[in-house]
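In the numbering used here, the protein residues as written are 22 to 136. Ideal Cβ placement from N, Cα and C applies to all residues, glycine included. Everything below concerns the one structure shown next.
Here you go:
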């Protein structure tokens, strides 16, 4: 199983980016698709998650600005990020969980927000 994340880059504060993550391999049944981020010197933190039933959850810092959308059939998950702030600068990782115990991570994509 491999996850390929894309869409990161440099953007000015107030701008938008859309991250995408495509999975390959057998990952059925998907239970959760999520995005995490890690800033220098900080622990990896959950940004947003979506269950196979469509329930979503967000970190307080991104509520109202970020939107996660998953497509289990296509094995893809996106993160639309609007009104970006310098504190959103981080490496963003996608994560997919399937079955009972299986999980995989993408390689990370860097998002840099300039002030």
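About 19 Å separates the Cβ atoms of residue 37 and residue 97, ruling out a contact at the 8 Å cut-off. Its Cα nearest to that of residue 75, the residue 93 stands out among 65, 84, 93. With 16 or more other Cβ atoms from the protein chains shown falling within 10 Å of its own Cβ, residue 44 counts as buried. Within the model, the alpha-carbon separation for residue 109 versus residue 134 is close to 7 Å. Of the residues assessed, residue 48 falls on the buried side of the cut-off, its CB having 16 or more other CB atoms within 10 angstroms. Beyond the five residues adjoining it in sequence on each side, residue 113 comes within less than 8 Å, by CB distance, of 26, 29, 40, 56, 57, 58, 68, 100, 129, 130, 131, 132 in the same chain, given in chain order.
Shown here, residue 22 sits in coil according to DSSP, grouped into three states, outside any helix or strand.
With distances taken between CA atoms, residue 61 lies nearest to 111 out of 85, 78, 111.
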